[in-house]
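Peer 1:
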Amino acid sequence: MGKHHYDIGNDFFSIMLDKGRNYSCGYWKTSKTLDEAQEAKLELICQKIGLQPGMKVLDIGCGWGGFSKYAAQKHNVSVHGITVSREQVEYANKFYQGLDVKIELKDYRDLKEKFDRIVSIGMFEHVGYRNYRTFMNVAHRCLKPDGLFLLHTIAGNHSVNSTDPWINRYIFPNSMLPSAKQITSAAEGLFMLEDWHSFGQY
Numbered sequence: 005m006g007k008h009h010y011d012i013g014n015d016f017f018s019i020m021l022d023k024g025r026n027y028s029c030g031y032w033k034t035s036k037t038l039d040e041a042q043e044a045k046l047e048l049i050c051q052k053i054g055l056q057p058g059m060k061v062l063d064i065g066c067g068w069g070g071f072s073k074y075a076a077q078k079h080n081v082s083v084h085g086i087t088v089s090r091e092q093v094e095y096a097n098k099f100y101q102g103l104d105v106k107i108e109l110k111d112y113r114d115l116k117e118k119f120d121r122i123v124s125i126g127m128f129e130h131v132g133y134r135n136y137r138t139f140m141n142v143a144h145r146c147l148k149p150d151g152l153f154l155l156h157t158i159a160g161n162h163s164v165n166s167t168d169p170w171i172n173r174y175i176f177p178n179s180m181l182p183s184a185k186q187i188t189s190a191a192e193g194l195f196m197l198e199d200w201h202s203f204g205q206y
């Protein structure tokens with residue numbers, strides 16, 4: 005379903021997104037503009053996962069490659085981004101030439117390679133509760149033993165197993181907002197939770 009939502013046209017999304025086309029919330033602690041808020045979020049993510057030059061980073065659900073580009077430019081890392089949207093791949097590979105960034109049309113379940121760091125920013129909402137454990141298993145499989153994995157998602161206050169009608173119609177078709185319980189249950193036995201950061205209620 006995600007590919008249908010994100011393939012409705014790059015021009016449409018450029019109207020409402022920041023210059024990096026980051027389709028997730030910004031970090032507004034000290035920011036005044038959308039561009040500043042998105043860059044602040046990207047830098048916060050890079051700091052949380054302790055990026056070092058030369059690291060290999062996986063970006064699951066990379067969208068138009070906003071994080072991939074930022075991490076490669078600012079932190080000198082190699083980034084492999086995956087998305088199910090053909091239009092996002094075409095956009096990213098056209099505009100990010102010359103950077104150590106590879107954006108690929110791929111389902112996360114087909115990933116096999118190992119990475120130093122893994123991020124997933126604003127994609128988990130599309131996974132669905134039946135696949136939460138599968139998603140975590142893939143992230144664990146692709147992460148090196150001393151690696152770090154950061155998951156950024158919109159979360160709900162209650163565990164649900166169906167799509168919210170309003171969100172389904174106006175925001176993300178066929179999506180679900182995971183609860184803290186669902187996220188931690190899916191990760192149990194695979195990851196050690198080191199940090200939980202809520203940007204607040206909206």
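Using our numbering, you'd call the opening residue of the sequence shown number 5 and step up by one each time. Backbone N, C-alpha and C fix where the C-beta goes; we use that ideal spot for every residue, glycine too.
Using only CA atoms, which one of Q42, V88, L62, S89 lies nearest to A76?
Peer 2: Within the sequence shown, the letter at position 72 stands for residue 76. The option with the nearest alpha carbon to A76 is L62.
Peer 1: Whose CA, out of K45, N178, D111, H144, lies closest to the CA of H201?
Peer 2: By 1-based counting over the sequence shown, the position of residue 201 is 197. It is K45.
Peer 1: To which residues of the same chain is L154 closer than 7 Å at the C-beta, ignoring the five residues directly before and after it?
Peer 2: One-based indexing of the sequence shown puts residue 154 at position 150. Excluding residues within five positions, the ones whose Cβ falls inside 7 Å are I49, K52, I53, V123.
Peer 1: Measure the alpha-carbon distance for K185 versus R113 and round it to whole angstroms.
Peer 2: The residue you call residue 185 lines up with position 181 of the sequence shown. The residue you call residue 113 lines up with position 109 of the sequence shown. Going from the Cα of K185 to the Cα of R113 covers about 23 Å.
Peer 1: Excluding the five sequence neighbours on either side, which residues of its own chain have a C-beta within less than 7 Å of the C-beta of H162, listed in chain order?
Peer 2: Locating residue 162 in the sequence shown gives position 158, counting from the first residue. Closer than 7 Å at the Cβ level, and outside the excluded window around H162, lie S183.
Peer 1: Going by CA-CA distance only, name the one from E192, R173, I125 that's closest to S2.
Peer 2: Any question about residue 2 goes unanswered here, given that the chain covers just 5 to 206.
Peer 1: If you run the structure through DSSP and keep just helix, strand and coil, what is S82?
Peer 2: By 1-based counting over the sequence shown, the position of residue 82 is 78. The answer is strand: DSSP assigns S82 an E or B state.
Peer 1: Could you give the distance in angstroms between the alpha-carbon of F269 and the alpha-carbon of H84?
Peer 2: Residue 269 falls outside the range modelled here, since the chain spans only 5 to 206, and no answer is possible.
Peer 1: Compute the Euclidean distance between the alpha carbons of N172 and N165, then round it to the nearest angstrom.
Peer 2: The residue given as residue 172 occupies position 168 in the sequence shown. The residue given as residue 165 occupies position 161 in the sequence shown. Each residue's alpha carbon lies about 13 Å from the other.
Peer 1: For L115, write down the residues that DSSP places opposite it in a beta bridge.
Peer 2: Within the sequence shown, the letter at position 111 stands for residue 115. L115 is not bridged to any residue.
Peer 1: Quick check on DSSP: helix, strand or coil for K110?
Peer 2: Position 106 of the sequence shown holds residue 110. Coil.
Peer 1: Given D199, which residues of its chain have a CB within under 8 Å of its CB, disregarding the five upstream and five downstream residues?
Peer 2: Numbered from its first residue, the sequence shown carries residue 199 at position 195. Closer than 8 Å at Cβ, skipping near neighbours: K52.
Peer 1: May I have the straight-line CA-CA distance separating P57 from Y133, to the nearest angstrom?
Peer 2: Stepping through the sequence shown from its first residue, residue 57 is reached at position 53. Stepping through the sequence shown from its first residue, residue 133 is reached at position 129. Using only the alpha carbons, I get a separation of about 35 Å.
Peer 1: Threshold first: 4 residues or longer. Then list the alpha helix (DSSP H) segments lying entirely within the stretch 134-163, N to C.
Peer 2: DSSP runs (the alpha helix (DSSP H)) wholly in the stretch 134-163: 136-146.
Peer 1: Which residue's Cα is closest to the Cα of E43: L55, M59, G70?
Peer 2: For the purposes of this step, residue 43 is taken as the residue at position 39 of the sequence shown. With distances taken between Cα atoms, E43 lies closest to G70.
Peer 1: Counting contacts by CB-CB distance shorter than 8 Å, is S89 in contact with chain C?
Peer 2: In summary, chain C is missing from the structure at hand, where a single protein chain is found.
Peer 1: In chain order, what residues of the same chain have a beta carbon less than 7 Å from the beta carbon of N97, not counting five sequence neighbours either side?
Peer 2: The residue you call residue 97 lines up with position 93 of the sequence shown. Within the same chain, N97 has close Cβ partners I107.
Peer 1: Give a yes or no on whether the C-beta atoms belonging to F195 and H130 are separated by under 8 Å.
Peer 2: By one-based count along the sequence shown, residue 195 stands at place 191. By one-based count along the sequence shown, residue 130 stands at place 126. Result no, Cβ atoms of F195 and H130 do not sit closer than 8 Å.
Peer 1: D63 lies in the beta strand (DSSP E); which residues open and close that run?
Peer 2: As a first step, residue 63 must be located in the sequence shown, where it is residue number 59. From DSSP, the beta strand (DSSP E) with D63 extends over 60-64.
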